[in-house]
Ligand code: C5P
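Numbering (the numbering used here), first residue to last: 18 to 302.
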């Protein structure tokens, strides 16, 4: 039997870079919220001890595919700990809606969904902490998707404090370019020394993203998309881009702006969610 699991998008409602670590990674202060929009992962449990992929992605070797890597990571850990039989296997598939290099956390969310759903289906009984630690090995953004609650993140994104930002409506625009995360993080002009502030203070300030200035400078498409959105509502970059989003109090307002978008702007409207669709599925709500 195949079951379907949501892998929602995230937005960074704000993102500040507060320093660079010796290993080159950047310390951040960011606020994550999920969207009721994303990919769907199909999972069929098998008994052949293999992690198989039904929907290969052109240009991505199977061993690099995050779905497969998440499956192997959980399998190896759970077998080593005698939590599952070595004969446990899985056939994975994906219905992809989230763009790569979009700043919506698509790959990280797909990986988290595999970890969380397989843990339940294989009855491996790993704790949320164990799953988040495994997830961190796949990417800095994976733990927040594993835990499934909107959160204020610090460190490289792994120190999470649950938060409850207002669940607004968003118009998310994909400017038609893909931005590899390292392109932004290695730019010499990236602001890297924003002072550390408490969440309480940050919530009172206007929300900003330190990566935005670099994404706009290096990618004309991002600059044009954001300039267009800013005519209508407060708007920002998410993550390291390329997507930008505008916030609204109602779905109607967001849809009205989308209807006026020129052809070169592709977008969707979604609602912010503090409890992730993945966690809702897991809890059956
Ligand atoms: O975590 P992820 O693998 O998606 O990050 C991709 C790259 O982005 C890292 O290899 C690193 O160069 C950069 N990065 C960073 N600081 C972070 C997250 C990512 O410098 N907090």
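Where a beta carbon is used, it is the ideal one built from N, C-alpha and C, also for glycine. Treat the numbers as computed from the prediction; the structure is a model and nothing was measured.
Exercise for the section: Indicate whether the contact test is met: 3 or more Cβ pairs, each with one atom in the stretch 48–63 and one in the stretch 27–39, closer than 8 Å. Expected result: yes
Practice task
Just mark residue 127 as buried or exposed, buried being the case when its beta carbon has 16 or more other beta carbons within 10 Å.
Solution key: buried
Practice task
State yes or no: is the C-beta of residue 45 nearer than 7 Å to some heavy atom of the ligand C5P?
Solution key: yes
Practice task
Check residue 74 in the structure and name its three-state DSSP category.
Solution key: coil
Practice task
Report the rounded CA-to-CA distance for residue 48 versus residue 169, giving the unit in angstroms.
Solution key: 4 Å
Exercise for the section: Answer with buried or exposed for residue 300, where buried requires no fewer than 16 other C-beta atoms within 10 angstroms of its C-beta. Expected result: exposed
Practice task
Indicate the three-state DSSP secondary structure (helix, strand or coil) for residue 94 in the structure shown.
Solution key: helix
Problem - Inter-stretch contact at 8 Å, needing at least 3 Cβ pairs: the stretch 256–264 / the stretch 190–203 - result: yes
Practice task
Along the alpha helix (DSSP H) that carries residue 294, what are the first and last residues, could you check?
Solution key: 294–299
Practice task
Ignoring anything shorter than 4 residues or poking outside the stretch 258–293, list the alpha helix (DSSP H) runs there in chain order.
Solution key: 268–276
Problem - Paired residues, beta bridge with residue 186 - DSSP - result: 265, 288
Problem - Cβ contact (3+ pairs, closer than 8 Å) linking the stretch 148–157 and the stretch 109–129 - result: yes
Problem - Cut-off 8 Å between Cβ atoms - residues of its own chain near residue 156, not counting five sequence neighbours on either side - result: 83, 124, 125, 128
Handout entry: Distance cut-off 7 Å: residue 173 Cβ against heavy atoms of the ligand C5P
Key = yes
Problem - Simplified DSSP assignment, three categories, for residue 53 - result: strand
Problem - Three CB pairs or more closer than 8 Å across the stretch 57–66 and the stretch 209–221 - result: no
Practice task
Keeping to the same chain, check which residues put their C-beta closer than 6 Å to that of residue 85; ignore five residues upstream and five downstream.
Solution key: 68, 70, 79
Problem - residue 130 (DSSP reduced to helix, strand or coil) - result: helix
Exercise for the section: In angstroms with no decimal places, state the Cα-to-Cα distance between residue 122 and residue 99. Expected result: 32 Å
Problem - Contact belief for residue 61 with residue 19 at Cβ below 8 Å, rounded distance in angstroms - result: 4 Å
Problem - Among 133, 235, 284, 41, nearest to residue 261 - alpha-carbon criterion - result: 284
Exercise for the section: Confirm, please, whether the CB-CB distance from residue 249 to residue 232 is below 8 Å. Expected result: no
Problem - Reference residue 187, options 65, 298, 46, 247, closest by Cα - result: 247
Exercise for the section: Per DSSP, which residues does residue 48 bridge with? Please list them. Expected result: 31, 169
Exercise for the section: Indicate, with yes or no, if the ligand C5P has a heavy atom lying under 7 Å from the CB of residue 35. Expected result: no
Practice task
Give the range of the beta strand (DSSP E) segment to which residue 107 is assigned.
Solution key: 106–112
Handout entry: Any C-beta of chain C under 8 Å from that of residue 93
Key = The structure shown contains no chain C; it is built from a single protein chain.
Problem - Residue span of the beta strand (DSSP E) that contains residue 254, given as start and end - result: 252–254
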